[in-house]
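Okay, structure first, notes after.
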Amino acid sequence: MEKIIKINTVDFYNKLRGVETLNPLVSVLDLSKAKSLPEETFNFGLYAIYLKELKCGELRYGRSTYDYQEGTLVCVAPGQIMQVHARTETVAPKGWALVFHPDLIKGTLLGKHIQEYNFFSYDSNEALHLSEKEKHIVMDCFLKIQDELEQNIDKHSKTLIASNIELFLNYCTRFYDRQFITRDNANKGILERFENILNNYFSSDKPQKIGLPSVAWCAEEMNLSANYFGDLIKKETGISSQEYIQSKVIDIAKEMIFDVDKSISEIAYDLGFKYPQHFTRLFKQRVGISPNVYRYQN
């Protein structure tokens, strides 16, 4: 069985990288002055954000191996598994890392809505690619946190550090919104592919066998993480991926309802609903009338 090393404290992470611990809950690392992580598999109990300024090895988490390009920002959340693979040539690492323990943000405004930053659940191949201007902003955030760590710890330290991390994450949200717009090649045809996947799904026997298509299943088919996929669809359409699926279901249902040889219950089962009343409830929510009324009105 593969050995997995748990990283549950900032101090343990710092020891792996050969750097001093200034605060037990948070650390900013200049990777050019730190040791490389060993070639192991790690289970992170920390939040970690990496800014890579030079190709220097591979990391793997989620389903993909990612060879980091210059100016790439990657975010890791507690509970995620990361594998480190060294490159064949010897290259000194260059870049920065921010790691912080979940306890750092407990009781803070950031702690209340950390789950809203979906990019912590993106796969590695969905990393953020920064422009030069964005890199300068990110570096400024790193240095502000580093500067605060070098002060004596007092009653203001936690609030100031958490506030600076929140500011940093808010910038990341803005940069991802920009990336969704500018990375046309990476996202090209996302809606067409999504539509084809749904069409193929409902023209097969999958609904009867495994039920309605989930967001996670669709994302898997497109080789994307569920959160990244959901954010892309929301950016493109203004509605969630779940709402998009439901709209597709209702469109297909409307066509099927014209087949008077099938009962509403049979249609519900054919679409993948476990219980016909769930179909009736969704149809009424989306259309405003029940499937039976829709059938007789048309």
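Under my numbering, the first residue of the sequence shown is numbered 359, with each subsequent residue one higher. C-beta atoms are modelled at their ideal positions from N, C-alpha and C, and glycine is treated no differently. Every value quoted in this text rests on a predicted model; they were computed, and no experiment measured them.
Review point. Is it buried or exposed for S385, if we count other Cβ within 10 angstroms and need 16 for buried?
Key: S385 should be labelled buried.
Practice item. Within the same chain, show all residues whose beta-carbon is closer than 7 Å to that of N585, passing over the 5 residues directly before and after it, in chain order. Key: N476, S479, Y480
Review point. Helix, strand or coil: which one does DSSP assign to A534?
Key: According to the sequence as given, residue 534 is Tyr; it is not Ala. Looking at Y534 - three-state DSSP - the assignment turns out to be helix.
**Study point:** Sub-9 Å separation of P649 and I625 beta-carbons
**Key:** Taking 9 Å as the cut-off, the Cβ atoms of P649 and I625 count as close.
Review point. So, helix, strand or coil for T357, using DSSP?
Key: Only positions 359 to 656 of the chain appear in the structure, and residue 357 is not among them; the question remains open.
Review point. Comparing alpha-carbon positions, which option in K452, E397, S394, L462 lies nearest T367?
Key: L462
Check your understanding: Out of curiosity, what's the CA-to-CA distance linking L374 and L395?
Key -> 7 Å
Review point. Where does D481 fall in DSSP's three states?
Key: coil
**Study point:** Start and end residues, alpha helix (DSSP H) containing T638
**Key:** Its alpha helix (DSSP H) spans residues 634-645.
**Study point:** Own chain, CB closer than 8 Å to E447, minus 5 neighbours either side, in chain order
**Key:** Low per-residue confidence applies at E447: pLDDT is 46, beneath 50, and the placement is therefore not dependable, though the value from the model is reported in the following sentence. Cβ neighbours of E447 beyond the five flanking positions: none.
Practice item. Return the CA-CA distance between G569 and V442, expressed in angstroms with no decimal places. Key: 38 Å
Review point. So, is K517 buried or exposed, given that buried needs 16 or more other C-beta atoms within 10 angstroms?
Key: According to the sequence shown, residue 517 is Thr rather than Lys. Exposed: under 16 other Cβ atoms inside 10 Å.
**Study point:** Supposed contact pair I363 and E398 - C-beta distance, whole angstroms, cut 8 Å
**Key:** 5 Å
Exercise for review: Spell out the partners DSSP gives D388 in its beta bridges.
Suggested key: W454
Exercise for review: Inspect the beta-carbon positions of H487 and T531 and report whether they are closer than 9 Å.
Suggested key: no
**Study point:** Distance, E578 Cα to I615 Cα
**Key:** Linking I615 to E578 through their CA atoms gives a straight-line distance of about 30 Å.
Exercise for review: Give the single residue among V434, I519, I495, T466 whose Cα lies nearest to the Cα of N483.
Suggested key: V434
Exercise for review: Tell me, to the nearest whole angstrom, how far the beta carbon of L456 is from that of I407; I am working on the premise that it is less than 8 Å.
Suggested key: Their Cβ separation, rounded to whole angstroms, is 5 Å, which keeps L456 and I407 in contact under 8 Å.
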